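Engineer: Below you'll find the structure I mean.
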Amino acid sequence: MDSTFLSQFIMITDIKTVIFLATLVGVFFLINKLKGKFKFTQLMIVSIFLGIGLGFLIQVVAQFPTDPSKLTWINEVSKWYGLIGYGFMDLLKMLIVPLVLVSIIKVIMNMNQGENLGKLTSKTVVALLGTTAVATIIGIIIGNLFKLGVGDKVVKTTEQMREITSVVDTLRGLLPSNPVQSMADANVVAIVIFATFIGLAIQRLRKKHLETIMPFINLVEAFYKIIVSVSITIIKLMPYAVVPLMANTIAENGLNAIVGVAKFILALYVSVFIMFLIHLLIVSLNGINPITYLKKVSKPLMLAFTSRSSLGTLPVTIEALNDELKIELGTASFVASLGANMGMNGCAGIYPALMAVTIANMAGIDMNFSFYVMLVVVVTIGSLGIAGLPGTATMAVSVVISGMGMGAYFPLAGGILAIDPILDMGRTMLNVNGAMTSAVVVSNSLGKIDKKGLNEKSA
Amino acid sequence: MDSTFLSQFIMITDIKTVIFLATLVGVFFLINKLKGKFKFTQLMIVSIFLGIGLGFLIQVVAQFPTDPSKLTWINEVSKWYGLIGYGFMDLLKMLIVPLVLVSIIKVIMNMNQGENLGKLTSKTVVALLGTTAVATIIGIIIGNLFKLGVGDKVVKTTEQMREITSVVDTLRGLLPSNPVQSMADANVVAIVIFATFIGLAIQRLRKKHLETIMPFINLVEAFYKIIVSVSITIIKLMPYAVVPLMANTIAENGLNAIVGVAKFILALYVSVFIMFLIHLLIVSLNGINPITYLKKVSKPLMLAFTSRSSLGTLPVTIEALNDELKIELGTASFVASLGANMGMNGCAGIYPALMAVTIANMAGIDMNFSFYVMLVVVVTIGSLGIAGLPGTATMAVSVVISGMGMGAYFPLAGGILAIDPILDMGRTMLNVNGAMTSAVVVSNSLGKIDKKGLNEKSA
Amino acid sequence: MDSTFLSQFIMITDIKTVIFLATLVGVFFLINKLKGKFKFTQLMIVSIFLGIGLGFLIQVVAQFPTDPSKLTWINEVSKWYGLIGYGFMDLLKMLIVPLVLVSIIKVIMNMNQGENLGKLTSKTVVALLGTTAVATIIGIIIGNLFKLGVGDKVVKTTEQMREITSVVDTLRGLLPSNPVQSMADANVVAIVIFATFIGLAIQRLRKKHLETIMPFINLVEAFYKIIVSVSITIIKLMPYAVVPLMANTIAENGLNAIVGVAKFILALYVSVFIMFLIHLLIVSLNGINPITYLKKVSKPLMLAFTSRSSLGTLPVTIEALNDELKIELGTASFVASLGANMGMNGCAGIYPALMAVTIANMAGIDMNFSFYVMLVVVVTIGSLGIAGLPGTATMAVSVVISGMGMGAYFPLAGGILAIDPILDMGRTMLNVNGAMTSAVVVSNSLGKIDKKGLNEKSA
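Residue numbers (this note's numbering), protein chains in the order written: chain A, 1163 to 1621; chain B, 1163 to 1621; chain C, 1163 to 1621.
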């Protein structure tokens, strides 16, 4: 009789697994106790540090192994922690389709005739791609200051790079040729387009056929209320989810692997930090106190950092923009939904720029001004080309490296890919902050930000 | 010119096919005539016997072939019969997604604040897994009394067993990370979870925002009424569908194949019968007269027996629990939906237990007390691990055999798998009865069964 | 640095691509200017000719290449033109699922008790298959008059033909065993069946439970209004989409390839023309002036011709039947939805008949009267068997050739397949006209055509 069956099935074969599961339960009790004493944002910070501590503890107990994924008990702990952490993210993701569908319809149908949807769209795209271009420049500068890749050896590859999807095919792919399938595939951009058509039709019919379409309007308002309420309920669980998410990221990456590419990690986080400051500058140029801003948007930032999912964070992002920053729902939903799919400052801006510089240095490619200009253009347009594709950051690098004609050297990035989750935290947070900054810019340029009210309240 | 094209296309190449299609039409006329004279349940019993008779007639005409599936005309008859039988099941299955979604939302949103959803969930899981454990014990006892597998030869295999999905992955898979996709995949548990969140939000919003969410509440009530009405319409066709379903099962299995594993078949049906009696005992311990119970739930039992689909029977199961047994819709929908996906008494309890005993005897494995305890545990937890997977019974056996470390002997079960439909009828009926018994237990433990009214009426 | 990356990404590597994109923009400005001066139908005709001219211009510039698809710049132009043309079709297709679902529910729920759904269904199937049979006969006659394939050499093949799906499996496949999946797959027939059940339940519940189900009825009416409004908005863009669609078809087919099978093309268009006249005859026999009819249905016909998609044209077909021809929504939706999936006069009638004659002549098969009778039967029933499958025309040919026992010669049709889009235009237009003619027949036989009003108005 195979007595290990049960333990394999319930994923507990080692006393250490039991101990760390118990520890997590203990941490949850602690958080539960701290709930009354701390504000939500403070509680979130505490949770992140508890998560880091827990992850570090696992590393200590495992004596900082080279490859933690080879230890069975770490895999088990990480599976169980993942059940809670990613399970929470699944619940958030559950809301994306209904939330995007209903909020966009609600917003468009309530728009005044005077307002221009085309303006909103073009401003959104410009803001998202513009910040991505800036992020790329930051990446290039920091990458060179850190001399990434200089002195490292080079190995050529014959592996085929993933072909870039042309802008034409990308745009075609975004069209909702069947709205139900688009929803089943969680194709956010297609849902936005479908919802926009429905919303515009309602807006038009309001004048003459209000009575006929009223049941639909009322249903949209009702369902929006309900889905936002579900969203608030789930968000309340965030501090609990953040602990295992954070602990997993820390525990799963070998210290050696991290040290080996420490320079790259540092360069990325320095770039992220600088870009973050630029975001805050942009926000304050649009009349919002950056401290106020930070306080209001800390929830989605912390979730993005710990969960590493821009799309999963979307419901929280929309909530923060609309409820906290008082950006009207239309702009909030629209910019955040698009921003979770294109023009990602971290994944499709800084990261591919750093990688391009690293590989160019390794391969001894001469980087002149035209190389840099080309890089910025390729990265920015590439960030549009990968809209809605999974594995955004890796895809972005693949597109950019290939686009710069350096596909042959790609595998060199292997060491960096191994500790990807460490980088992904910063990148994803920057993605979300880029989308929120864009929302502020768009909202302000449409003259719709209640700057006074916002800044006074927080003062 | 290929003159057989048309006949192949319309699946009629033999005069026998024509005759048996005509016979079925004749039987339908008969049922139509009997409709006025019999009650629905009686008509169902008549249909089942007509179906058995028809299937037997096919066997007689084919002179009891070793492998009926090698006779073209039997294949043709079975295709045409299947069109009616499984076509009917398709229509029932059509109702599962909307029915589960709407009934769970309706139920949760109308729950009183006092009621505890967690209690309902835990009681349901305990009842379903508890009855499965009992069913496993029955299987072990009967399997040993019948000395299944004793004296049969053993052949080792090098084939790889399907790996067991860990409980963590199973639980993750049940979460509805996209409700539209969950619905497209008919993932019942995920739909229940999504609907529960929506229902809870409505319950919460009722106090302060009743006017805003009223359109959604009214829509749910309206759609529930409509879908139940569709369901009643389709259920009325059941006596017609039962004939070809039953006839197919009888006609498609070779007599030799049945005789070869007659002992196993007998052991399974004896186990099913005993477990069925235990269900009735449990029901009567919960204050319902077992005769009354049997009368009220005969529809889903007979459909489960003939259709061999727990999930397809779900709309009928819910209807019987709610309308006939007067179990409130909440418990009825909730327990029946979960019970069609986990803790199946027949497919995931008795059957894998019998198979384990058979194979252990064949392989000469010593079965001591700890083997049996282990088996009960493995089967019960395994019945949770295969939740929502297709081919439940075979999966369950695969998991259990592998979990007991006997994977090497699995192919020995080949002869039994060949006549699986014969076994599946009893198993599926027991699954559904287990779910309904669990619903009675849960409902009674929540103090919600109108025992008096129920028993008096039928008296 | 790979300087071609960007140009590949944006699909512009040649000055000719730029010129033809600019030309298209110029044409759009022209259409925009003509908008005020022309009626919509006239504008559509102008657009078609502009598209043909543009396609011809591309051929001229490319000096009538043997295989235009080998010229990079033509591929680029065609990708960009396709983005606009097929992008428009995607938006139309977006409406199919909601439009069919809601219009069928709306229609059935508003039917009077007296009306017979079974009659509507059987009349529809008879009309669609009947016109297909007539189309097949036309195809046989014209194919023989043109002596298609006579004198061409024959090559045998060992390739396996696609097996025909039996009528039983086809019917099973049409049942909506999960309505959400049917919608995600845009399975029109399954959606019609599901919607019919819902509609019938509403009709039944209207008497006693009107108040409960009213919210659902109102929602259906509201959503129908909205989706029709979206549909009207999108249809307005048709003249713009028609130009690139038409230009692509002309530009993508090599002149040599066309000349090589000119006789076949001519035969097909002659057959289409004759069948079209027969449709008009049928229409006038049903009391509608054929000139009036043509005026009223020109929109879907022109869209079908240019877009080559019966299904994509569906929203426009329904609109024309209901709004212009005043056929009541029920018959319009029902017949058009089914007609976009079965009994296609062009794709599943004329085309396979011509191909069968061609191949029989090539292979020297003797075609006697029984061959022709068999062909009509195989084509007509085959047109039912391929219901809802993609690549209708090729599937139909495959089924018919195989059904006539001539599968061995199939690859001979290669030359014809190469210029398929040229043929597809005529075929698809005939499909749509066949469906509309059937709708007229069905509507008239139910005594529901306002012949007087229709003919007077247009007089």
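Note that beta-carbon positions come from the ideal geometry of N, C-alpha and C, so glycine has one too.
Keep in mind that this is a model prediction, so the values were computed, not measured.
8 Å is my cut-off, CB to CB: does Thr-1395(A) come that close to chain B?
Structural biologist: yes
Engineer: How many angstroms separate the CA atom of Phe-1496(B) from the CA atom of Leu-1186(A)?
Structural biologist: 31 Å
Engineer: Less than 8 Å between the CB atoms is what I'm expecting for Arg-1470(B) and Tyr-1248(A), so what's the real figure, rounded?
Structural biologist: Not quite, the Cβ-Cβ distance comes to about 36 Å (not below 8 Å), so this is no contact.
Engineer: Assign Asp-1528(A) to buried or exposed, taking buried as 16 or more other Cβ atoms, counted over all protein chains shown, within 10 Å of its Cβ.
Structural biologist: Exposed, since its Cβ has fewer than 16 Cβ neighbours within 10 Å.
Engineer: Would you list, in chain order, the members of the stretch 1241 to 1253 of chain A that have their beta-carbon closer than 9 Å to a beta-carbon of chain B?
Structural biologist: Lys-1241, Trp-1242, Gly-1244, Leu-1245, Tyr-1248, Gly-1249, Met-1251, Asp-1252 and Leu-1253
Engineer: So is Pro-1583(C) buried or exposed if we call it buried at 16+ other beta carbons inside 10 Å?
Structural biologist: exposed
Engineer: Give a yes or no on whether the minimum CB-CB distance between Ser-1605(B) and chain C is below 8 Å.
Structural biologist: Contacts with chain C at 8 Å (Cβ-Cβ) do not include Ser-1605(B).
Engineer: What's the gap between the Cα of Pro-1477(A) and the Cα of Val-1445(C)?
Structural biologist: 55 Å
Engineer: Closer than 7 Å: is that where the CB of Ile-1270(B) sits relative to any heavy atom of the ligand COA?
Structural biologist: In the structure shown, the ligand COA is absent, as is every other ligand, since no ligand is present at all.
Engineer: At the level of alpha carbons, what is the spacing between Ser-1605(C) and Ile-1480(B)?
Structural biologist: 41 Å
Engineer: Tell me which residues of the stretch 1364 to 1391 of chain C have at least one Cβ-Cβ distance to chain A shorter than 7 Å, keeping chain order.
Structural biologist: Pro-1377, Asn-1380, Leu-1381, Glu-1383, Ala-1384, Phe-1385, Lys-1387, Ile-1388 and Ser-1391
Engineer: Quick check: is the beta carbon of Lys-1255(A) nearer than 8 Å to any beta carbon in chain B?
Structural biologist: yes
Engineer: Hey, quick one: how far does the alpha helix (DSSP H) through Ala-1442(C) stretch, first residue to last?
Structural biologist: For the sequence presented, residue 1442(C) should be read as Leu rather than Ala. In the DSSP assignment, Leu-1442(C) falls within the unbroken alpha helix (DSSP H) covering 1424 to 1447.
Engineer: Under 8 Å by Cβ, that's how I've got Ile-1388(B) and Ile-1360(C) pegged, so tell me the actual separation to the nearest angstrom.
Structural biologist: 6 Å
Engineer: So, for Phe-1356(B): in the same chain, excluding its five sequence neighbours on each side, which residues have a beta-carbon less than 6 Å away from its beta-carbon?
Structural biologist: Excluding residues within five positions, the ones whose Cβ falls inside 6 Å are Pro-1338 and Pro-1341.
Engineer: Taking buried to mean at least 16 other C-beta atoms within 10 Å of its own C-beta, is Thr-1298(B) buried or exposed?
Structural biologist: buried
Engineer: By the 7 Å beta-carbon criterion, what residues does the stretch 1330 to 1353 of chain A contribute toward chain C?
Structural biologist: Val-1330, Leu-1333, Arg-1334, Leu-1337, Pro-1338, Ser-1339, Asn-1340, Pro-1341, Val-1342, Gln-1343 and Ala-1346
Engineer: Taking the alpha helix (DSSP H) that Arg-1589(C) falls in, what are its first and last residues?
Structural biologist: 1582 to 1607
Engineer: Counting beta carbon pairs with one atom in the stretch 1283 to 1301 of chain A and one in the stretch 1592 to 1603 of chain A, are three or more of them shorter than 8 Å?
Structural biologist: yes
Engineer: In whole angstroms, give me the CA-to-CA distance for Ile-1436(A) and Ile-1300(A).
Structural biologist: 8 Å
Engineer: Are three or more beta carbon pairs between the stretch 1457 to 1469 of chain C and the stretch 1215 to 1226 of chain C nearer than 8 Å?
Structural biologist: no
Engineer: Would you please state the rounded distance, in angstroms, between the beta carbons of Gly-1565(B) and Val-1540(B)? I believe it to be under 8 Å.
Structural biologist: The Cβ separation is near 4 Å, so the contact holds.
Engineer: Quick one: which residues of the stretch 1257 to 1283 of chain B get their C-beta closer than 8 Å to a C-beta of chain C? List them in chain order.
Structural biologist: Ile-1258, Val-1259 and Pro-1260
Engineer: Given that Met-1173(B) touches chain C, what residues does it touch there, using C-beta distances under 8 Å?
Structural biologist: Annotation: Cβ neighbours of Met-1173(B) in chain C (cutoff 8 Å, chain order): Ser-1328, Val-1329 and Val-1330.
Engineer: What separation, rounded to the nearest whole angstrom, lies between the Cα atoms of Asn-1349(B) and Asp-1252(B)?
Structural biologist: 16 Å
Engineer: If you reduce the DSSP assignment to three classes, tell me which class Gln-1204(A) lands in.
Structural biologist: helix
Engineer: Under 8 Å between the Cβ atoms of Arg-1363(C) and Ser-1391(B)?
Structural biologist: According to the sequence displayed, residue 1363(C) carries Ala and not Arg. It is a contact, given that the beta carbons lie within the stated cut-off.
Engineer: Answer with buried or exposed for Leu-1407(C), where buried requires no fewer than 16 other C-beta atoms within 10 angstroms of its C-beta.
Structural biologist: buried
Engineer: Anything in chain C within Cβ reach of Ile-1360(A), meaning under 7 Å, just list it in chain order.
Structural biologist: Ile-1388 and Val-1392
Engineer: Are the C-beta of Phe-1356(C) and some C-beta of chain B separated by less than 8 Å?
Structural biologist: yes
Engineer: So for Arg-1470(A), helix, strand or coil by DSSP?
Structural biologist: coil
Engineer: Would you grab the beta carbon distance between Met-1345(C) and Val-1269(C) for me? Rounded to a whole angstrom, and I think it's under 8 Å.
Structural biologist: The pair is not a contact, with the Cβ atoms about 18 Å apart (cut-off 8 Å).
Engineer: Please confirm whether Pro-1377(A) and Leu-1381(C) have their CB atoms less than 8 Å apart.
Structural biologist: Yes. Within cutoff.
Engineer: What's the call for Gln-1204(B), buried or exposed, on a 16-neighbour Cβ count within 10 Å?
Structural biologist: exposed
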